[in-house]
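Comments concern the structure below.
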Amino acid sequence: YKMAFKGWEKLKATGQVTKNIISICDFTQSSGNKRLYIIDLATGTLLFNTLVPHGKNTGEEFAKYFSNQPSSLQSSLGFYITGEAYNGKHGLGMRLNGQEPGFNDKAAERDIVMHGAGYVCNGFIDQFGKLGRSFGCPAVPFEVHEQIINTIKEGSCLFIYFPDKKYLQASKLLQ
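Be aware that the sequence shown starts at 40, since it is given in the working numbering, and climbs by one per residue.
This is the structure we're talking about:
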């Protein structure tokens with residue numbers, strides 16, 4: 040939380056972040072845990088706590104490998120600013136604008152977005168023994184995806200966290 044807040048403050052100071060909402064994907068946790076936290080910073084309220092997958096080539100139960108490269112099918116670390124909502128092949132989706140050169144700045148090129156997905160639910164875990172995998176997108180359960188997207192779209196901060204030494208040393212938003 041402290042790291043996420045530090046980055047949010049820096050992005051807020053530039054005027055790029057306009058909402059007092061921060062979303063944190065904690066990829067130190069098992070993919071079977073509710074590891075997406077969406078917090079209203081003005082009230083200190085936890086708005087959502089839900090499942091979120093990591094990329095297909097990021098790891099199995101636990102995230103281990105990250106990439107910014109197209110076609111890697113891996114999650115990308117760091118800070119994003121939420122963009123506009125749109126209707127796409129998964130229904131309502133939301134664009135994500137990566138803010139960290141070399142770590143997530145190719146999010147648009149890679150079509151890394153937030154969307155609802157049927158493989159993000161406890162039923163999938165029960166059936167297959169693990170949460171499904173995305174192509175790198177922080178997807179959310181269909182039953183809450185519209186609420187989440189409409190809450191965080193257009194100017195909030197999303198932080199995808201894992202204690203990767205290279206990322207932690209290079210991130211200008213964490214310095």
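Ideal placement from N, C-alpha and C gives every residue a C-beta, glycine not left out.
Output yes or no for whether 8 Å exceeds the beta carbon distance between residue 148 and residue 109. yes
With distance defined between alpha-carbon atoms, name the residue in 75, 95 and 94 nearest to residue 86. 75
Test: residue 200 CB closer than 8 Å to a CB of chain B: The question asks about chain B, but that chain is absent: this structure has only one protein chain.
Contacting residues, own chain, Cβ-Cβ under 6 Å from residue 77 (five flanking each side not counted): 62, 86 and 87
Who are the Cβ neighbours of residue 212 in its own chain at under 8 Å, not counting the five residues just before and after it? 45, 46, 49, 50, 117, 118, 138 and 139
Considering only C-alpha positions, which residue in the set 181, 105, 155 and 160 is nearest to residue 141? 105
Between residue 185 and residue 131, which are expected to be in contact by the criterion C-beta below 8 Å, what is the C-beta distance as a whole number of angstroms? 5 Å
Contained alpha helix (DSSP H) runs [length at least 4] in the region 143 to 171, N- to C-terminal order: 161 to 167
Among 171, 111 and 146, nearest to residue 197 - alpha-carbon criterion: 146
Could you check which residue in 166, 199 and 205 has the C-alpha nearest to that of residue 120? 199
When you compare each of 190, 59 and 115 to residue 96 by their alpha carbons, which one comes out closest? 115
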